[in-house]
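Inspection log for the structure reproduced underneath, given as structure tokens.
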Amino acid sequence: MELPIAPVAEQTRIVEKLEELLSDLDAGVAELKAAQKKLTKYRQSVLKAAVEGALTADWRAQRTQQGEAFETGAELLERILRERRACWEAKQLAKLKEQGKAPPKDWQDNYPEPNQPTGHGLPELPEDWLWSSVGQCFHVAVGATPSRKEPSYWNGTIPWVSSGEVHFSRIKATKERISELGLKNSSTGINPTGSVMLGMIGEGRTRGQVAILDIEAANNQNCAAIRVSETDVPAEYVYYWLWSRYEETRRGSSGNNQPALNKSIVERIPIPIAPPMELKVIVGLVEVLLSQIESQEAAIAVSLKQASAQRQNILTSAFSGQLVPQDPTDEPASKLLERIRAERMAKSAQLPTKNPRRRKAAVETDSHNDA
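Numbering-wise (UniProt numbering), the sequence shown opens with residue 1 and increments by one.
The following block contains the structure:
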């Protein structure tokens with residue numbers, strides 16, 4: 001390995017200049033990383049304020065002052081439950097008709113009522129809001145993986161979401177696709193655009209992350225599809241709510257060796273329901289604020305990349321003789337190398353040498369003793 005050697009005096013100047021420049025650069029990088037952490041905390045504060053009603057407090061006060069009437073959160077939930085039951089009854093009647101059977105007596109009593117939230121430990125909400133649960137408001141679908149042994153089940157036209165693709169984003173395409181045969185021969189189904197995907201199991205930080213489907217897609221068994229688009233609740237609101245409670249959702253996992261969520265746990269996740277009009281206002285405000293945060297994060301990322309390049313440029317300049325001015329009166333590097341060689345030779349000469357005669361005599365003595 002070749003090493004450029006500068007005169008000793010110049011080496012001293014290089015080290016001093018490097019310490020000065022790199023110290024300033026490190027301080028700047030530290031400030032940028034601190035700003036990154038502040039933006040992360042600010043994002044969480046925005047999400048928390050949004051889903052607890054603090055972000056729209058002024059909006060509510062203005063509506064109250066104007067005496068404007070609108071559908072409340074309780075009325076929205078009541079309508080959602082009524083529509084879900086009607087949809088279930090229609091499907092049951094269609095199934096009975098297909099089988100050529102008449103509806104049995106009290107068949108409506110078989111309707112599986114969605115679980116209500118317990119309300120334990122939940123914070124107080126603004127007026128006209130109420131607590132519900134994911135399973136009470138929305139249909140939750142857990143998918144499946146078609147058999148990998150059947151090539152005809154794969155590389156079709158149906159997008160298929162895996163948990164690794166669920167990471168606080170919008171899903172516009174998937175890595176894999178399944179065929180109609182794969183869909184038919186597995187328990188997965190096609191989720192409508194606007195469904196909110198929730199990672200239930202996966203490596204690293206996947207569990208608890210969310211994404212919004214911008215396409216119709218099936219999903220595997222490691223993520224749940226919350227079919228928000230079947231209601232008047234904006235998908236973005238549910239997405240923001242689950243994002244805001246990411247760590248809490250992860251703590252709600254079950255299992256010892258590999259903690260995971262399941263459909264039952266997902267359905268029991270509480271969710272605050274605001275009036276439909278306010279939900280739209282919340283989404284609009286959050287989108288503006290998150291866009292500003294993302295712009296600042298992008299600018300910081302660029303600055304950090306530039307700092308890394310600047311560090312490399314500084315080091316390159318230092319070891320190519322361009323960082324500090326050269327002084328012709330400095331002792332040349334060749335003299336330094338001559339002195340180093342002389343010192344190494346002098347040290348080598350002082351090392352004790354082995355005496356071959358002594359070694360031979362010792363060997364003969366050992367042989368005689370052996371005899």
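In this text, a Cβ means the ideal position worked out from N, Cα and C, and glycines have one as well.
query, result
"Residues that P272 bridges to, as DSSP identifies them", "W131"
"Which of helix, strand or coil DSSP assigns to E71", "coil"
"Burial state of D58 (16 or more Cβ within 10 Å)", "exposed"
"Distance, S303 Cα to S334 Cα", "41 Å"
"Length at least 4, wholly inside the segment 261–314: the alpha helix (DSSP H) runs in chain order", "263–268"
"L290 to L336 span [Cα, whole Å]", "59 Å"
"Span of the alpha helix (DSSP H) around residue 393", "Outside the modelled stretch of the chain, which goes from 1 to 371, sits residue 393, for which no answer is possible."
"A362 in three-state terms, based on DSSP", "Reliability of the predicted coordinates at A362 is poor, the pLDDT of 49 falling under 50, and the value obtained from them is presented with this limitation in mind. If DSSP states are grouped into helix, strand and coil, A362 belongs with the helices."
"Assigned secondary structure, P151 (DSSP; H/G/I helix, E/B strand, else coil)", "helix"
"For V196 and K101, the rounded distance between their alpha carbons", "37 Å"
"C-beta contact flag for P159 and I212 at 9 Å", "no"
"Beta-carbon spacing of E248, N115 below 9 Å", "no"
"Opening and closing residue of the beta strand (DSSP E) in which A225 lies", "C223 to I226"
"C-beta atoms of G208 and Y246 nearer than 9 Å", "yes"
"Selection from A218, S169 and K175 that minimises the alpha carbon distance to G182", "A218"
"DSSP beta-bridge partners of E78", "E78 pairs with nothing; no bridge assigned."
"Distance between beta carbons of D128 and P275, contact taken as under 8 Å", "5 Å"
"A342 burial status per 10 Å Cβ neighbour count (16 or more: buried)", "exposed"
"CB of residue 385 within 9 Å of CB of C137, strictly", "Outside the shown range of the chain (1 to 371) lies residue 385, about which nothing can therefore be said."
"Cβ contact check for the segment 78–93 and the segment 300–319: 3 or more pairs under 8 Å", "no"
"Backbone secondary structure at V140 - three-state DSSP", "strand"
"Contact test: V283 Cβ vs the ligand NAP heavy atom, cutoff 8 Å", "Only the bare structure without any ligand can be found here, which leaves the ligand NAP out of the picture."
"Beta-ladder partner(s) of N191, from DSSP", "A217"
"P1, DSSP secondary structure in three states", "Residue identity differs from the one stated: residue 1 is Met in this sequence, not Pro. Here M1 sits in coil by DSSP."
"Contact set for E278: own chain, Cβ-Cβ below 6 Å, skip 5 residues either direction", "T56"
"Reduced DSSP secondary structure (H/G/I, E/B, other) of M345", "helix"
"Exposed unless 16 or more other CB atoms sit within 10 angstroms - verdict on C87", "exposed"
"Assigned secondary structure, R60 (DSSP; H/G/I helix, E/B strand, else coil)", "helix"
"Contact check, N222 vs S163, beta carbons under 9 Å", "yes"
"Contact under 9 Å by Cβ, V324 with K38", "no"
"Nearest residue (CA-CA) to Y237, options I265, G194 and N262", "G194"
"Contact check, V142 vs N262, beta carbons under 9 Å", "yes"
"E180 and I171 closer than 9 Å at C-beta", "no"
"Q326 to E10 span [Cα, whole Å]", "7 Å"
"Residue closest to E2, alpha-carbon to alpha-carbon, out of Q350, A349, R339 and S320", "S320"
"CB contact flag (K168, W243, <9 Å)", "One detail in the question is off: residue 168 reads as Phe in this sequence, not Lys. Yes, these two residues count as a Cβ contact at 9 Å."
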